[in-house]
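Below is one structure, written out as structure tokens; comments come after it.
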Amino acid sequence: MDTSSTGSYTAKLIDGPLEGKTVATAFLDSGDPRPRLELQADAGKRYVYSRGAGLEFDAPGEDRPTAVEYRFIETVFD
Numbered sequence: 354m355d356t357s358s359t360g361s362y363t364a365k366l367i368d369g370p371l372e373g374k375t376v377a378t379a380f381l382d383s384g385d386p387r388p389r390l391e392l393q394a395d396a397g398k399r400y401v402y403s404r405g406a407g408l409e410f411d412a413p414g415e416d417r418p419t420a421v422e423y424r425f426i427e428t429v430f431d
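If you count the sequence shown from 1, you need to add 353 to reach my numbering.
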């Protein structure tokens, strides 16, 4: 997938209640990966994830990653 034309990347959830799941996520307007994700869950819950250190690129020299790791922070109840 060419992320430069779609403006999105894969968020890899590496721990917490959604461990092992991936979600397509849009880059910020600046072109950077999002620092935090808030994902809706059942029964008025949201899972908050924070960007980790892991970045994956399809080819050397690309300026945008194709995948970024996210770590679980907390569950928020609405």
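Each residue gets a CB set at the ideal place from its N, CA and C atoms; glycine is no exception. Predicted model, so just to flag it, every value in this text is computed and none were measured.
Check: For glutamate 402 versus arginine 424, is the C-beta spacing smaller than 8 Å?
Finding: Before going further, note that residue 402 is tyrosine rather than glutamate in the sequence given. Yes, the Cβ-Cβ distance between tyrosine 402 and arginine 424 is below 8 Å.
message = Taking the beta carbon of glutamate 372 as the centre, do at least 16 other beta carbons fall within 10 Å, making it buried, or is it exposed?
response = exposed
If contacts are defined as beta-carbon pairs under 8 Å, then valine 421 and lysine 374 qualify, I think. What distance do you get, rounded to the angstrom? Valine 421 to lysine 374, Cβ: 14 Å. No contact.
Checklist entry - Can you tell me whether DSSP reads glycine 369 as helix, strand or coil? => result coil
- Under 8 Å, do alanine 379 and glycine 360 count as touching if we go by C-beta distance? yes
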